[in-house]
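For what it's worth, the working numbering labels the leading residue of the sequence shown as 75, then goes sequentially.
Beta carbons are placed, not taken as given, at the ideal position from N, Cα and C, and that holds for glycine.
Heads up, the thing below is written out as structure tokens.
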Amino acid sequence: MHEHRRKRLLALIADRYNGDRRQICDASGMSESRLAQLLSSSYRHGQGFGEKAARALEDRLHLAPLYFDQFAVSEMATPYVVRQTPKTDAEDTLSVRQVVLALTAGSARTSMQEIAPALCLWKFPKSWLKAHGLHADKLFAVAVTGAGMAPRLHDGDVVVVNSSDTALQDGAVYLVNYRGEAIIKRLALDLGRWFMTSDNNAGKRYPRLEFEQPDCILLGRVIVLASERI
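Structural data, given as structure tokens:
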């Protein structure tokens, strides 16, 4: 898991910070020497990127919970998860369904239909949900469509949405009912006004849009990602 976290961190530096380690240090308030420790395969015999360090860095960078663990990434990761994760009784887990949404412009009401087969079977330990203040009945999974949030979210990826978290937060990623269409955008606060932004750098194709009701209604915050791309 330590090696996996190092690879995830290196990919994050390359994607979001143009490969510049100083930029991620500035963003996280972390020293360059501390970053070197996290990325070192020899520091503490390769065990230097532990649970506490991963969760703290995710919080500082406003990343999704368990971003560096990415426990449900792809089929290729499954054998690793099975070998490294203790078995959990079915009674100790809660399931989250993947759905398609039917939305109406200007309305917070949503109609959900479960789909199968899905990319992932989402089962979360009750202890993990409790630790993060989450409730399974408020979570649902949806597929990502389009390239607006690339390179972090790709078309066909699946994300879990926390429908109970609809408080505006600068830099967080949300599922939004935009004029009757479900879109995933990052919110940005600019001079007292809220905007929906895309991670894709092709600005002309994905311009930022002002977040205004009733055209824009938050359906929940994106908290977990499953992807076939690493």
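For the options Asn-275, Asp-244, Lys-278 and Asn-274, the alpha carbon positioned closest to that of Leu-265 is the one of Asp-244. Distances from the alpha-carbon of Leu-203 to those of Thr-167, Leu-175 and Ser-185 put Thr-167 closest. The three-state reading of DSSP puts Arg-108 in helix, counting H, G and I together.
Contiguous alpha helix (DSSP H) elements confined to the segment 91 to 140 occur at 95 to 102, 106 to 113 and 125 to 134, taking only those with 4 or more residues.
Asp-89 is the residue among Asp-89, Ser-185 and Asp-94 whose C-alpha sits nearest the C-alpha of Asp-273. Pairing His-78 with Asp-133 gives a Cβ-Cβ distance that is not under 9 angstroms. In the three-state reduction of the DSSP assignment, Lys-278 falls in the coil class, being assigned neither a helical nor a strand state.
The DSSP assignment places 247 to 252, 255 to 264 and 267 to 271 as complete runs of the beta strand (DSSP E) inside the segment 240 to 290, in order along the chain (cut-off: 3 residues).
Per DSSP, reduced to three states, the secondary structure at Ser-185 is strand.
Ranked by how close their Cα comes to the Cα of Leu-193, the residues Ser-169, Val-216 and Ile-87 have Val-216 in first place.
When Cβ pairs closer than 8 angstroms are counted between the two stretches, the segment 288 to 302 is seen to touch the segment 245 to 259, the count reaching three or more.
In the structure shown, Ala-176 adopts extended strand secondary structure according to DSSP, grouped into three states.
By alpha-carbon distance to His-136, the top candidate from Leu-261, Ser-114, Glu-188 and Gly-220 is Leu-261. Looking from the CA of Asn-236, the closest CA among Thr-219, Pro-139 and Gly-254 belongs to Pro-139. In this chain, Ser-169 is not harboured by any alpha helix (DSSP H); it is covered by the beta strand (DSSP E) spanning 167 to 170. In this chain, the beta strand (DSSP E) harbouring Lys-197 covers 196 to 199.
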